[in-house]
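Engineer: Handing you this structure, nothing more for now.
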Amino acid sequence: MMAQLQQGGPDEKEKTTALKDLLSRIDLDELMKKDEPPLEFPDTLEGFEYVFNEKGQLRHIKTGEPFVFNYREDLHRWNQKRYEALGEIITKYVYELLQKECHLKKVTLPVDATESEPKSFIFMSEDALTNPDKLMVLIHGNGVVRAGQWARRLIINEDLDSGTQIPYIKRATEEGYGVIVLNPNENYIEVEKTKAQVQPSSDSSDEPAEKRERKDKIQKEPKKRRDFYEKYRNPQKEKETTQMYIRDNGSPEEHTIYVWDHFISQSAAENVFFVAHSYGGLAFVELMIQRETEVKNKVTAVALTDSVHNVWHQEVGKTIREWMRENCCNWVSSSEPLDTPVESMLPDCPRVSAGTERHELTSWKSFPSIFKFFSEAMEAKNSSVKQTPTRRSNRIKYEEL
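Using the numbering used here, you'd call the opening residue of the sequence shown number 682 and step up by one each time.
Structure follows, in structure tokens:
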């Protein structure tokens, strides 16, 4: 149609210009919002009409069916917002399970936080700092997940066992570990902007000239026409927020180092074990770079699950790489059977298959192998502490045999 108009006379060209002008003002993403329902959702699982059954699966209260993402056809943005609202409820639900089922306590960060400043928190067992034998530290990956979760998608679409850290915590407790659950994505709080903060800056030098001209032109147009454009441009306004970062915990790396300095390094445990998934592996490697001697003295073994760390990009030194080769193992997504060795292009720790090609499932699928890895690492450490037998004692043992 545009091509046909361009071939016509002056009137057609004027129409073409008007049409182009209209199209340039319409944000297609915003246009899709104009007919969507209000972004208001329940704040409880029951309000969503979902519940976790005895198998830990999320099911609809009336139909018994799994969660349905496309609740409203052709309204992807609204469906996504609904999914995110449900995710926030599940985060709180998992927090409750950590305290009620796993008997962990919630500890506020920073440890010396004032009442008015932003705060985060972690979870730990009662004996986390006093257990003289062993301590397990759990670090999830990046994104929307919070303490106690491996993957929100798994919790919603599969079950609590595969998507949360609860199986690790329960087994660790049964086997005599103290437990600390990190919360590396809780880096800031969001507060609604005041009117003064929302006001656009008079300095628009960073904006493209074309965009500034279009803004000026719209401001000069009659109010009726501006309102017409605004109807399409922003049909459903959302609150504008600003982020207030949490002191010394403004990133996953900062958070991990903070918890090390104030809790893990102060613990009585002779053997500390880490399980770190995805970006959590990168955070652990950064901890090693910043606290190398302390980590080597305190940590017995590290299980990584599809870790995204990179010894070259993170500029990891030779001594750390050598320690990782001896004390770490990375269970990676692979089509090979569980624990099958997988070649690595990087000179860091051994890589074995997690028994799944799905990144988010690697922590769950490698669960039994990781506990076996920790037990063997502890046995090896204990045996190396004992005196090395002499040739004579070896000969006696051989003759007795």
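All C-beta atoms, glycine included, are put in the ideal place defined by N, C-alpha and C. Just so we're clear, the structure is a prediction, and the values are computed from it rather than from any experiment.
1. Between which residues of its own chain and Y960 is the CB-CB distance below 7 Å, once the five residues before and five after are set aside?
2. In three-state DSSP terms, what is N1008?
3. Is it true that the stretch 804-817 meets the stretch 770-786, where meeting means three or more beta-carbon pairs spaced less than 8 Å apart?
4. With a 10 Å radius around its C-beta and 16 neighbouring C-beta atoms as the bar for buried, classify N1063 as buried or exposed.
5. Could you compute how far the alpha carbon of T1043 sits from the alpha carbon of S1050?
6. Going along the chain, which residues of its own chain have a beta-carbon closer than 6 Å to the beta-carbon of Q1068, five neighbours each way excluded?
7. Rounded to whole angstroms, what's the CA-CA distance from V818 to M925? Just pull it up for me.
8. Please classify M1026 as buried or exposed, where buried requires at least 16 neighbouring CB atoms within 10 angstroms.
9. Span of the beta strand (DSSP E) holding K787?
10. Can you tell me where the alpha helix (DSSP H) with K979 in it begins and where it stops?
11. Check whether the Cβ atoms of W1012 and V1033 sit closer than 8 Å, and answer yes or no.
12. Assuming P865 and T937 make a contact with CB atoms under 8 Å, what is their CB distance in whole Å?
13. What did DSSP end up calling N930 once you bin it into helix, strand or coil?
14. Give every residue of the same chain whose Cβ lies closer than 8 Å to the Cβ of A964, excluding the five residues on either side of it in the sequence, and list them in chain order.
15. To which residues of the same chain is P1031 closer than 8 Å at the C-beta, ignoring the five residues directly before and after it?
16. Can you find the residues in the same chain that come closer than 8 Å, C-beta to C-beta, to S946, ignoring five residues on each side of it along the sequence?
17. Kindly indicate which three-state DSSP category T697 falls into: helix, strand or coil?
18. Which residue spans inside the stretch 738-784 form an unbroken alpha helix (DSSP H) run of at least 4?
19. Between the Cα of L985 and the Cα atoms of F954, E782, G844, E765, which residue gives the shortest distance?
20. My parser needs the beta strand (DSSP E) runs of 3 or more residues fully inside the stretch 783-832; what are they?
21. Would A982 and A1058 qualify as a contact pair, given that the criterion is a beta-carbon distance under 8 Å?
22. State the start and end residues of the unbroken beta strand (DSSP E) segment that holds S1034.
23. Look at the alpha carbon of Y922 and the alpha carbon of T772, and state the distance between them as a whole number of angstroms.
24. Report yes if the CB atom of I861 is closer than 8 Å to the CB atom of A828, and no otherwise.
25. What does a CB cutoff of less than 7 Å around K1046 pick up in its chain, not counting 5 residues either side in sequence?
26. Could you spell out the range, first to last residue, of the beta strand (DSSP E) harbouring A957?
27. Could you check what DSSP says for F965 in three-state terms: helix, strand or coil?
28. Within its chain, find whatever has a CB closer than 8 Å to the CB of Y659; leave out the 5 residues flanking it on each side and keep chain order.
29. Could you compute how far the alpha carbon of S1014 sits from the alpha carbon of L863?
30. Who are the Cβ neighbours of T698 in its own chain at under 6 Å, not counting the five residues just before and after it?
31. For Y858, is the classification buried or exposed, using 16 other Cβ atoms within 10 angstroms of its Cβ as the cut-off for buried?
32. According to the neighbour-count rule (16 or more other Cβ atoms, all chains shown, within 10 Å of its Cβ), is P719 buried or exposed?
33. In this structure, how does DSSP classify P865 when only helix, strand and coil are distinguished?
34. On the premise that R852 lies in contact with F1052, defined as a C-beta separation below 8 Å, what is that separation, rounded to the nearest angstrom?
35. Give the range of the beta strand (DSSP E) segment to which F733 is assigned.
36. Using only the alpha-carbon positions, how far apart do N952 and D1029 sit?
Structural biologist: According to the structure shown:
1. For Y960, where only same-chain residues beyond five positions count, the Cβ hits under 7 Å are G822, N823, P933, V989.
2. Shown here, N1008 sits in a helix according to DSSP, grouped into three states.
3. Yes, they touch.
4. Burial call: exposed.
5. T1043 and S1050 have their C-alpha atoms spaced approximately 11 Å apart.
6. Low confidence applies here, because Q1068 scores a pLDDT of 46, under 50, leaving its location unreliable and the question unanswered by this model.
7. Computed Cα separation, rounded: 27 Å.
8. M1026 should be labelled exposed.
9. Residues 786-790.
10. Note, K979: alpha helix (DSSP H), 973-979.
11. Yes; because the gap between Cβ atoms is below 8 Å, this pair is in contact.
12. Contact check for P865 and T937: beta-carbon distance about 6 Å, within the 8 Å limit, so the pair qualifies.
13. In the displayed model, N930 falls within coil according to three-state DSSP, outside both helix and strand.
14. Only residues of its own chain outside the window of five on either side were considered, and among them I820, P865, P933, E934, H936, T937, A957 have a CB closer than 8 Å to the CB of A964, listed in chain order.
15. Result list for P1031: R1006, C1009, C1010, N1011, P1022, S1025, in chain order.
16. Around S946, the same chain offers R972, E975, K979 as residues with beta carbons nearer than 8 Å, after the five sequence neighbours per side are excluded.
17. T697 carries a helical assignment under DSSP once its states are collapsed to helix, strand and coil.
18. Listed in chain order, they are 757-781.
19. The shortest Cα separation from L985 among F954, E782, G844, E765 belongs to F954.
20. Within the stretch 783-832, the complete beta strand (DSSP E) runs of at least 3 residues are 786-790, 801-805, 815-820.
21. Annotated as proximal: A982 and A1058, with beta-carbon spacing under 8 Å.
22. First-last of the beta strand (DSSP E) with S1034: 1032-1034.
23. Strictly speaking, residue 922 in this sequence is Thr, with Tyr absent from that position. Rounded to whole angstroms, T922 to T772 spans 21 Å at the Cα level.
24. No, the Cβ-Cβ distance between I861 and A828 is not below 8 Å.
25. Correct list, in chain order: L1019, A1035, G1036, T1037.
26. Here the beta strand (DSSP E) through A957 covers 952-958.
27. Assignment of F965 by DSSP, reduced to helix, strand and coil, places it in the helix class.
28. The structure shown does not extend to residue 659, since the chain is modelled only from 682 to 1082, so the question has no answer here.
29. Taking the straight line joining both Cα atoms gives about 23 Å.
30. No residues qualify anywhere along the chain.
31. Its Cβ being crowded by 16 or more others within 10 Å, Y858 is buried.
32. Looking at its Cβ environment, which holds fewer than 16 other Cβ atoms inside 10 Å, P719 is exposed.
33. Coil at P865, not helix or strand.
34. Contact holds; Cβ gap of about 6 Å.
35. Per DSSP, F733 belongs to the beta strand (DSSP E) from 731-733.
36. Each residue's Cα considered, the two are about 22 Å apart.
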